[in-house]
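Enquirer:
Structure below.
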């Protein structure tokens, strides 16, 4: 019997060693061994009548048995100590890993009634973090919608030997609190479970209060009030539009004047009045649309069941506006770059135009550069500068790097290149004619069978006026490929020899014919 007591005492010591240090367990073991020594002495007194040899033999056997038991329990104690050390090391490693991940992992919160109930960082079993958040939210909302639920009856239940705590109501799990959850939040398991339980109790009470009959009546009244205000705003907007329209009409009759460009009347008073009325009408519809955009989400936000729709509608409206605003703000540096490039090219063109006008007016003379080359050369330089400006501005245009923008640009370039072959040929021919200087405006020229005065030169065509006052338009490409006879240049520089056939009768003296020919010339 005493041996059993000794074994029972050693088992208690091993079990007790799970929490205290090894030194305390050793003291308990020594105390048990000391108690056994007292037991031996009692046995010795009881058997005092036995012979000494028997007593010594029994005591020796018992001592040997105790030594074997002590060795066995010491071995078991070392194993338990090693297991405790391994568990402690495993927990510390897990905590270190979680601490290192905190700066990279963002938890998913459970938010109800604008209150954060808790934050999930880790999955549990087959449930991912979003699933845990959705289940917890659903369970809490279900409790909040059930009026018979008593929030104070929510309780905590430890499971898995204290490895996790379930937050329960009426044998139904609301959510689970794990040791890993507590490690992520830097709290103990018990503290986190109590905190979560208190938060759930408070939010369920708030839901019960908001779902009361009085609050439902208040929401209905607020809903009708918003509708009434919106109807009044629409009516007021239309009334104000009619007043403004009447005043604009009266003002237009008395003080509004037509818009004219030189002798052309671009906008009459009547047309200008119609445009103003149209702009005010568009402005009215924009105001009404803004009112509806604001009021409809407000209506949805009044009732908890449709509150998420209100946030969704606001997201549909605010997300594009935020995107547009961010794009505009981000595009401002590129816009300033484009403005600077534009004004630099503009001032450079003005400088080139000034030089061209000086050369054309022969106030500035350049050897070998004729005055009539000045403006055509300016047009060429201006075209090249504008093309250079477009090439520089193109990368700064919004959407220039998109595939759609590049595809449209290639398509337009292909159409222009395929459909403007003859036009480009006439432009090139006009430039060649300009620098060849076969004629100038006012010269009489002969092109094939056509004789006329040059009245206009453009990049595409040249116009002639015949002695019969006929205007003939000649493409520059055909002029370049034809023989041009400049009658004016020949007469002014070398003298013009006119070939003519004159019929003179035999009876006319040659002296008279000679005199008449000289006078005709």
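In our numbering, the protein residues as written are 70 to 590.
A virtual CB, placed ideally from N, CA and C, is assigned to each residue, including glycine.
Predicted model, so just to flag it, every value in this text is computed and none were measured.
1. Which partner residues of residue 278 appear in the DSSP bridge assignment?
2. Cutting at 8 Å between CB atoms, please list the residues of its own chain near residue 457, excluding the five before and the five after it.
3. Distance check for residue 453 and residue 591, CA to CA, integer angstroms please.
4. Quick one: what's got a C-beta closer than 7 Å to residue 258's C-beta in the same chain, skipping five residues either side?
5. Tell me the DSSP secondary structure of residue 193 in three-state form.
6. In this structure, what does DSSP give as the bridge partners for residue 187?
7. Express the C-alpha separation of residue 351 and residue 408 in angstroms, rounding to a whole number.
8. CB-CB under 7 Å to residue 47, same chain, minus the five flanking residues each way: which ones, in chain order?
9. Output the distance between the C-alpha atoms of residue 447 and residue 468, rounded to the nearest integer angstrom.
10. Which runs of the beta strand (DSSP E), 3 residues or longer, sit entirely within the region 292-331?
11. Expressed to the nearest angstrom, what Euclidean distance is found between the alpha-carbon atoms of residue 209 and residue 217?
12. Would you call the CB atoms of residue 545 and residue 492 closer than 7 Å?
13. Is residue 213 near the ligand SAH, in the sense that its beta carbon is under 6 Å from a heavy atom of that ligand?
14. For residue 555, which residues does DSSP report across the bridge?
15. Find out if the Cβ-Cβ distance for the pair residue 367, residue 295 is shorter than 7 Å.
16. Using the beta-carbon count (16 or more within 10 Å), is residue 361 buried or exposed?
17. Quick one, are the C-beta atoms of residue 186 and residue 268 less than 7 Å apart?
18. What does a CB cutoff of less than 8 Å around residue 435 pick up in its chain, not counting 5 residues either side in sequence?
19. Hey, how far is the Cα of residue 522 from the Cα of residue 548?
20. Relative to the C-alpha of residue 307, which candidate in 223, 355, 480, 391 has its C-alpha closest?
21. Which class does residue 544 belong to by DSSP, given the choice of helix, strand or coil?
22. Mind the definition here: the region 200-208 touches the region 173-191 only if three or more C-beta pairs lie below 8 Å; say whether that holds.
23. Whose CA, out of 444, 338, 323, 322, lies closest to the CA of residue 329?
24. Please report the residue range of the beta strand (DSSP E) in which residue 237 lies.
25. Let's see if you can read the secondary structure: which residues bound the beta strand (DSSP E) around residue 530?
26. Can you give the Cα-Cα distance for residue 370 and residue 483, rounded to whole angstroms?
27. Tell me, to the nearest whole angstrom, how far the beta carbon of residue 273 is from that of residue 213; I am working on the premise that it is less than 8 Å.
28. Along the chain, where does the alpha helix (DSSP H) that runs through residue 408 open and close?
29. Tell me whether the beta-carbon of residue 532 lies closer than 7 Å to the beta-carbon of residue 525.
30. Residues in the same chain with beta-carbon distance under 8 Å from residue 314, minus the five sequence neighbours each way, listed in chain order, please.
31. May I have the straight-line CA-CA distance separating residue 516 from residue 477, to the nearest angstrom?
32. Between residue 275 and residue 242, what straight-line distance do the alpha-carbon atoms span, to the nearest angstrom?
33. DSSP puts residue 224 in a beta bridge; with which residues?
34. Run the CB neighbour count on residue 190, radius 10 Å, all protein chains shown included, and call it buried at 16 or more, exposed below.
35. Verify whether the separation of the beta carbon atoms of residue 266 and residue 225 is less than 7 Å.
Expert: The answer reads as follows:
1. Mapped onto the chain shown, residue 278 falls at position 209. By DSSP's assignment, residue 278 forms no beta bridge with any residue.
2. Looking up residue 457 in the chain shown gives position 388. Here the set comprises 414.
3. A question about residue 591 goes unanswered here, because the residues of the chain that appear run from 70 up to 590.
4. Looking up residue 258 in the chain shown gives position 189. Hits under 7 Å: 234, 246, 248, 251.
5. Here residue 193 refers to the residue found at position 124 when the chain shown is read from its first residue. Residue state, collapsed to three classes: strand.
6. Here residue 187 is taken as the residue at index 118 of the chain shown, counted from 1. Per DSSP, 179.
7. Within the chain shown, residue 408 is the residue found at index 339, counting from 1. Within the chain shown, residue 351 is the residue found at index 282, counting from 1. Straight-line Cα distance between these residues: approximately 31 Å.
8. One cannot answer for residue 47 here, as it falls past the ends of the chain, which runs 70 to 590.
9. Taking the chain shown and counting its residues from 1, one reaches residue 447 at position 378. Taking the chain shown and counting its residues from 1, one reaches residue 468 at position 399. Counting only the Cα atoms, residue 468 lies some 33 Å from residue 447.
10. Counting only runs of at least 3 residues, the region 292-331 fully encloses the following beta strand (DSSP E) elements, listed from N- to C-terminal order: 328-330.
11. As a first step, residue 209 is located in the chain shown; it is residue number 140 there, counting from the start. As a first step, residue 217 is located in the chain shown; it is residue number 148 there, counting from the start. Cα to Cα, the separation comes out at about 14 Å.
12. Taking the first residue of the chain shown as 1, we reach residue 545 at position 476. Taking the first residue of the chain shown as 1, we reach residue 492 at position 423. Cβ atoms of residue 545 and residue 492: not closer than 7 Å.
13. As for the ligand SAH, it is missing from this structure, which has no ligand bound.
14. Counted from its first residue, the chain shown places residue 555 at position 486. Bridge partners of residue 555: 514.
15. For the purposes of this step, residue 367 is taken as residue 298 along the chain shown, with counting starting at 1. For the purposes of this step, residue 295 is taken as residue 226 along the chain shown, with counting starting at 1. Taking 7 Å as the Cβ cut-off, residue 367 and residue 295 qualify as a contacting pair.
16. Indexing the chain shown from 1 puts residue 361 at position 292. Residue environment: residue 361 is assigned as exposed (fewer than 16 neighbouring CB atoms within 10 Å of its CB, all protein chains considered).
17. Your numbering for residue 186 matches position 117 in the chain shown. Your numbering for residue 268 matches position 199 in the chain shown. Taking 7 Å as the Cβ cut-off, residue 186 and residue 268 qualify as a contacting pair.
18. Position 366 of the chain shown, counted from the start, is the residue given in the question as residue 435. Correct list, in chain order: 428.
19. For the purposes of this step, residue 522 is taken as the residue at position 453 of the chain shown. For the purposes of this step, residue 548 is taken as the residue at position 479 of the chain shown. Looking at the two C-alpha atoms, the distance is approximately 14 Å.
20. Numbered from 1 along the chain shown, position 238 holds the residue referred to as residue 307. Comparing Cα positions, the closest option is 355.
21. Here residue 544 corresponds to residue number 475 of the chain shown, with the count starting at 1. Three-state result, residue 544: strand.
22. yes
23. Here residue 329 refers to the residue found at position 260 when the chain shown is read from its first residue. Of the listed residues, the one whose Cα sits closest to residue 329 is 338.
24. By one-based count along the chain shown, residue 237 stands at place 168. Run containing residue 237: 233-238, per the beta strand (DSSP E) assignment.
25. Indexing the chain shown from 1 puts residue 530 at position 461. Element bounds for residue 530: 530-534.
26. Taking the chain shown and counting its residues from 1, the one referred to as residue 370 is at position 301. Taking the chain shown and counting its residues from 1, the one referred to as residue 483 is at position 414. Approximately 54 Å between the Cα atoms of the pair.
27. The residue you call residue 273 lines up with position 204 of the chain shown. The residue you call residue 213 lines up with position 144 of the chain shown. Contact flag correct, Cβ pair sits at about 5 Å.
28. Counting from one through the chain shown, the residue named residue 408 turns up at place 339. Note, residue 408: alpha helix (DSSP H), 376-429.
29. In the chain shown, the residue the question calls residue 532 occupies position 463. In the chain shown, the residue the question calls residue 525 occupies position 456. Cβ distance < 7 Å, so residue 532 and residue 525 count as in contact.
30. Counting from one through the chain shown, the residue named residue 314 turns up at place 245. Taken in chain order, the residues that qualify are 346, 349.
31. If you number the chain shown from 1, residue 516 lands on position 447. If you number the chain shown from 1, residue 477 lands on position 408. Using only the alpha carbons, I get a separation of about 43 Å.
32. As a first step, residue 275 is located in the chain shown; it is residue number 206 there, counting from the start. As a first step, residue 242 is located in the chain shown; it is residue number 173 there, counting from the start. Rounded to whole angstroms, residue 275 to residue 242 spans 20 Å at the Cα level.
33. Taking the first residue of the chain shown as 1, we reach residue 224 at position 155. DSSP lists 237 as partners of residue 224.
34. In the chain shown, the residue the question calls residue 190 occupies position 121. Counting Cβ neighbours within 10 Å, residue 190 comes out buried, since at least 16 surround it.
35. Looking up residue 266 in the chain shown gives position 197. Looking up residue 225 in the chain shown gives position 156. Taking 7 Å as the Cβ cut-off, residue 266 and residue 225 qualify as a contacting pair.
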